[in-house]
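See structure below.
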Amino acid sequence: MKRIALITSGGDAPGMNAAIRAVVRTAIGRGMEVLGYQHGYSGILLDEFQPMDSKSVGGIINRGGTILQTARCKEFREKEGRERAVAQLRKNGVEGLVVIGGDGSLTGALVLHEEFGFPVYGVPGSIDNDLNGTDYSIGFDTAVGIAVDAIDRIRDTAYSHDRVFVIEVMGRRNGFIAVEAGLAGGAEAILIPEVPYSLPGICDKLRGAGARGKRSSIIIVAEGAGHAAEISPKVAEMTGFDTRYVVLGHIQRGGSPTAFDRVLGLRLGAFAVERLIAGYTAEMAGLVGGRLVGTPLSQILNAPRRVDPEKLLLAEVMAQ
Ligand code: ADP
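The numbering of the sequence shown is the working numbering, which starts it at 2 and goes up by one.
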């Protein structure tokens, strides 16, 4: 393999730049060329690329987002679009494609491989951490850290004013960020889409705690489980407590990646290139139990990832 292409696709995640750095420098070290395409699959269709040398990935490890930028590409969802993408890659002498992205982006890579036999390799980049085949996706640790920092700050004011705060965190259809941030931030309740919840039941508990003198609380809600703006007035009505809400939104995905996400990005990016060279394709690089592994994309993408039940139980016990 002499020339590979690299894209970041879907939602951006802090630590993607570390993965870009590792893909480029590992490939160059193995005597290969890397074409970096801008804006994910859209850039492939538009032939928007630049050859990447070692220097082009200097000074980026501490930067959030992705220097290759990212996009969502409707055309790539159609077979015709994917056919054009493969033609563009082949025209440029590209023999393999590394995709750094979330489940949508990696599904696109798998389909591309299945339809045209094009060698692809996936690197999990998603603050949501909803991919099977890895304990951690790039960006999750940073997003959780930002959410916990915000919870700590809000808790100070919640305590000072005897207030309840409903804090909405990201996570699309799952509760990974909510559970991790809720546990670390000492939340009194964590609402996630995977587990049915009873708001009256939670409010009963808050009232009970209030009767014992605890008049400030934090409720974490994953965006897929409801909107803080709607939940907050209901909590106020049911508890009688002064209740406010905060939607953390996009601040959770920006900023400098944690050391964990940087090293994760480097390890997964380097591993992806080594696996491609070794002839593996249609896999995703992952960190499982501290070890780097490649798992077929077909295995990873056909089932939703579950939140660790032990953590859910722990959250319940801690909220008592
Ligand atoms: P993420 O990778 O963060 O999950 P998306 O779900 O938006 O983000 O997917 C990013 C891009 O991947 C889409 O805009 C599309 O180009 C491609 N993609 C997603 N799902 C598919 C699919 N089922 N088939 C082909 N391409 C897909």
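The beta carbon of each residue, even a glycine, is placed where N, CA and C say it ideally should be.
Whole-angstrom C-beta distance between residue j and residue i, which should lie under 8 Å
i, j, result
"residue 273", "residue 247", "Not a contact, Cβ separation roughly 37 Å."
"residue 88", "residue 98", "Not a contact, Cβ separation roughly 13 Å."
"residue 177", "residue 308", "6 Å"
"residue 23", "residue 258", "Contact doesn't hold; Cβ gap of about 13 Å is too wide."
"residue 277", "residue 2", "6 Å"
"residue 129", "residue 173", "5 Å"
"residue 182", "residue 148", "4 Å"
"residue 113", "residue 72", "16 Å between Cβ atoms; not a contact."
"residue 90", "residue 45", "6 Å"
"residue 123", "residue 285", "4 Å"
Alpha-carbon spacing of residue i relative to residue j, whole angstroms
i, j, result
"residue 161", "residue 175", "32 Å"
"residue 145", "residue 59", "26 Å"
"residue 133", "residue 156", "33 Å"
"residue 12", "residue 40", "11 Å"
"residue 268", "residue 38", "21 Å"
"residue 203", "residue 190", "7 Å"
"residue 115", "residue 25", "25 Å"
"residue 292", "residue 137", "12 Å"
"residue 185", "residue 260", "18 Å"
"residue 135", "residue 245", "36 Å"
"residue 209", "residue 253", "32 Å"
"residue 303", "residue 242", "44 Å"
"residue 121", "residue 96", "9 Å"
"residue 180", "residue 47", "40 Å"
"residue 188", "residue 166", "10 Å"
Per-residue DSSP class, three states only, for residue i
i, result
"residue 242", "coil"
"residue 166", "strand"
"residue 319", "helix"
"residue 208", "helix"
"residue 234", "helix"
"residue 127", "coil"
"residue 298", "helix"
"residue 219", "strand"
"residue 146", "helix"
"residue 276", "helix"
"residue 79", "coil"
"residue 191", "strand"
"residue 186", "coil"
"residue 287", "strand"
"residue 308", "coil"
"residue 139", "strand"
"residue 174", "coil"
"residue 293", "strand"
"residue 196", "coil"
Minimum Cβ-Cβ distance from residue i to chain B less than 7 Å
i, result
"residue 6", "Of the chains in the structure shown, none is chain B; there is only one protein chain."
Closer than 6 Å: residues whose CB approaches a heavy atom of the ligand ADP: 10, 11, 12, 42, 73, 74, 77, 78, 102, 103, 104, 105, 106, 108, 109, 112 and 127
Just to confirm the assignment: which complete alpha helix (DSSP H) runs, minimum length 4, are found wholly within the stretch 84-133? 104-117
Where are the beta strand (DSSP E) runs, 3 residues long or more, that stay fully inside the stretch 4-66, in chain order? 4-10, 34-38 and 50-53
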